[in-house]
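Undergrad: A single structure is presented below for examination.
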Amino acid sequence: MDILTVIGVVVGLGTLLGGQALEGGNIGSILQFTAAMIVLGGTMGAVMVQFTLPKFLEAMKIGLEALKAPNNNAVAFIEKIVEYANVVRKQGILALESKVKEVKDPFFRKGLQLLMDGTEPRLIREILEVDLSFGEEHYAMAAKLFEAAGGYCPTFGILGAVMGLIHVMENLADPSKLGSGIATAFVATVYGVLTANLILLPIAGKLKLRNRLDGITKELIIEGIMSMAAGDNPRMIEEKLEGFLTEAQKKRPKK
Numbered sequence: 679m680d681i682l683t684v685i686g687v688v689v690g691l692g693t694l695l696g697g698q699a700l701e702g703g704n705i706g707s708i709l710q711f712t713a714a715m716i717v718l719g720g721t722m723g724a725v726m727v728q729f730t731l732p733k734f735l736e737a738m739k740i741g742l743e744a745l746k747a748p749n750n751n752a753v754a755f756i757e758k759i760v761e762y763a764n765v766v767r768k769q770g771i772l773a774l775e776s777k778v779k780e781v782k783d784p785f786f787r788k789g790l791q792l793l794m795d796g797t798e799p800r801l802i803r804e805i806l807e808v809d810l811s812f813g814e815e816h817y818a819m820a821a822k823l824f825e826a827a828g829g830y831c832p833t834f835g836i837l838g839a840v841m842g843l844i845h846v847m848e849n850l851a852d853p854s855k856l857g858s859g860i861a862t863a864f865v866a867t868v869y870g871v872l873t874a875n876l877i878l879l880p881i882a883g884k885l886k887l888r889n890r891l892d893g894i895t896k897e898l899i900i901e902g903i904m905s906m907a908a909g910d911n912p913r914m915i916e917e918k919l920e921g922f923l924t925e926a927q928k929k930r931p932k933k
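If you want the numbering used here, it's the position in the sequence shown, counting the first as 1, plus 678.
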């Protein structure tokens, strides 16, 4: 689990509730099921209208990845590529057959399989780049869905507030209930703005970040496969691929 995502949500909610308590307000006054139903239900309905069912389901599945710890495994891929490059240099490409079965990453395994099958380097690059491009497109679409939801959410919050005020206006004959009624009406606005800016839009941003990091790792793999196909020296391959690493990753002790 991505601990920073959890901490961020807890800090955001804690600040809101803590501020409410410090101001002398009743925390229970902002816990309104009806307001939550209007905001969340309306937002989900609007998103369903905008997107197709397959894209909606795919985005929900990808969105859950925002709760998972990121796979920062570029260093491990470089180590594997250098290891396999040494095998190819000493024993030939066919010696990779037993190694391919050990690879869990489907993109890396696909590249190695193409290399082992004797596919032309130009065609290997084209195939892998198409895979990379459409993989990024799926992530981008999921991010767009959460961005759209983040745009709709505050609007439904305002709609919920208006509906609450309509109910208040219907009970003007009892002035004692006006204050609490108006306060309750505006809870929907709080839900809409909070959900959009603490959950939906941050998830969209995190998916974009994950998409870019995953793309960089796949670009690293493509360059590694191409270098192996060209018969480059494993040491030179390592030096080249280290250009994809952050400064912190470069400082890690090498195995």
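Ideal Cβ placement from N, Cα and C applies to all residues, glycine included.
#1: Three or more C-beta pairs closer than 8 Å, one from the region 802-814 and one from the region 839-850: is that the case here?
#2: Between the beta-carbon of Ala744 and the beta-carbon of Tyr869, is there less than 9 Å?
#3: Any heavy atom of the ligand FAD within a distance shorter than 8 Å of the CB on Met847?
#4: Quick check: Ala827 and Ala724, are their CB atoms within less than 9 Å of each other?
#5: For Ile844, count the other beta carbons within 10 Å of its own beta carbon; 16 or more makes it buried, fewer makes it exposed. Which is it?
#6: By DSSP, does Phe824 sit in helix, in strand, or in coil?
#7: Under a three-way DSSP split, which group does Asp892 fall into?
#8: Run through DSSP, which three-state label would Lys924 get?
#9: Which parts of the region 782-861 are runs of the alpha helix (DSSP H), unbroken and 4 residues or longer, counting only runs that do not cross its ends?
#10: By how many angstroms is the C-alpha of Val684 removed from the C-alpha of Phe786?
#11: Roughly how many angstroms separate the alpha carbons of Phe711 and Ser905, rounded to a whole number?
#12: Evaluate contact between the region 874-882 and the region 818-827, counting only Cβ atoms and requiring at least three cross-stretch pairs below 8 Å.
#13: Is there contact between the region 893-909 and the region 808-816, where contact requires at least three CB pairs shorter than 8 Å?
#14: By the three-class DSSP mapping on this structure, what secondary structure does Lys779 have?
#15: Report yes or no: do the region 909-922 and the region 758-773 share at least 3 C-beta pairs separated by less than 8 Å?
#16: Judging by CA-CA distance, which residue of Asp795, Leu872 and Glu901 is the nearest neighbour of Lys691?
#17: Taking Phe764 as part of the alpha helix (DSSP H), name the residues at either end of that continuous run.
#18: Can you tell me whether Pro832 is buried or exposed? The criterion is at least 16 other CB atoms within 10 Å of its CB, across all chains shown.
#19: Here's the rule: buried if 16 or more other CB atoms are within 10 angstroms of the residue's CB, otherwise exposed. What is Ile681?
#20: Could you give the DSSP three-state label for Leu898: helix, strand or coil?
#21: Under the assumption that Glu901 contacts Leu919 (Cβ atoms under 8 Å), give the Cβ distance between them as a whole number of angstroms.
#22: Quick one: grab the DSSP three-state call for Gly883.
#23: Might you give, ordered along the chain, the residues of its own chain that have their beta carbon closer than 7 Å to the beta carbon of Glu916, omitting 5 neighbours on each side?
#24: Who are the Cβ neighbours of Leu695 in its own chain at under 6 Å, not counting the five residues just before and after it?
#25: With H, G and I counted as helix, E and B as strand and the rest as coil, what does DSSP make of Lys746?
#26: Measuring straight from C-alpha to C-alpha, what distance separates Asp783 and Gly829?
TA: According to the structure shown:
#1: no
#2: no
#3: By its list of ligands, the structure shown contains no ligand whatsoever, and the ligand FAD lies outside what it can speak to.
#4: yes
#5: exposed
#6: helix
#7: helix
#8: The question names Lys, but residue 924 is Thr in the sequence shown. If DSSP states are grouped into helix, strand and coil, Thr924 belongs with coil.
#9: 784-794 and 799-847
#10: 31 Å
#11: 59 Å
#12: yes
#13: yes
#14: coil
#15: yes
#16: With the sequence shown as reference, residue 691 is identified as Leu, and Lys is not the correct amino acid for it. Answer by Cα proximity: Leu872.
#17: Contrary to the premise, residue 764 reads as Asn rather than Phe in this sequence. It spans Ala752 to Gln769 - the alpha helix (DSSP H) in which Asn764 sits, taken as one unbroken run.
#18: buried
#19: exposed
#20: helix
#21: 6 Å
#22: helix
#23: Ile756 and Val760
#24: Ile705
#25: coil
#26: 35 Å
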